[in-house]
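Input: a single structure, listed below in structure tokens.
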Amino acid sequence: MFYCTLAAAVITGLIRGGKLTNLTKVKLNHPWLVFLSALLDVGLLALIKNDFPVTRPMAFISLSLQYLLLFVFLWFNRRIAYSWVIALGCFLNGLVILINKGSMPLAEIGPYIGKSEFANSYLLNGKLLTYHTINENTLLWFLGDVIWIPAPFKIFISIGDLILYAGAFLLVQHLIAGKTKKTIE
């Protein structure tokens, strides 16, 4: 769904008279922070998927580092238009995950995706440490992945995801349209 959001942003920016080459004018500070955060995420999921004995504290530390790296990146790039919207979405996601000990609250997914899906089988077996089905101990459950997006996506997303996607859409279309110099410092 994120890729569709980016595609829509590119199309909107082009319709507004922009050029893709305007993206090359953006000077990101410390982009390696995003790549390192993504590497931590991919690494954690690979360990979990390959039945490496990942503990909840290990997952919590990994997720904490991921969000710390993202927030530092966003801070260094705060002058870029709409980065604050992306930061707000990241903050809401990070808040609900960290307050629930490194686990994103998730609505009951069985009725939506079936019991044979990888994520659902791992969730039911307690192996998907980065998610948990909402229960009476879940804090701020309404910030979790509780919004169902039907076909073709068939996913649950959070309020934080919606805000993050909106920020990414606004940022990309704005940069492609290239109407102001202030946004590309």
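In my numbering, the protein residues as written are 2 to 186. All C-beta atoms in this analysis are idealised placements derived from N, C-alpha and C, irrespective of residue type, glycine included.
Within the stretch 39-101, no run of beta strand (DSSP E) at least 3 residues long lies entirely inside it.
Between ILE164 and LEU93, the C-beta spacing is below 9 Å. For ILE156, the closest C-alpha among the options LEU107, LEU129 and ALA88 is that of LEU107. The alpha carbon of TYR83 has as its nearest neighbour, out of ALA167, GLY95 and ILE158, the alpha carbon of ALA167. Distances from the CA of THR131 to each of PHE3, ASN51 and LYS102 were compared; the closest alpha carbon is that of LYS102. With respect to the C-alpha of SER38, the residue from LEU64, ILE16, THR56 and ASN30 having the closest C-alpha is LEU64. One Cα belongs to ARG17, the other to LEU176, and the distance between them is close to 11 Å. About 11 Å separates the Cβ atoms of ILE81 and LEU171, ruling out a contact at the 8 Å cut-off.
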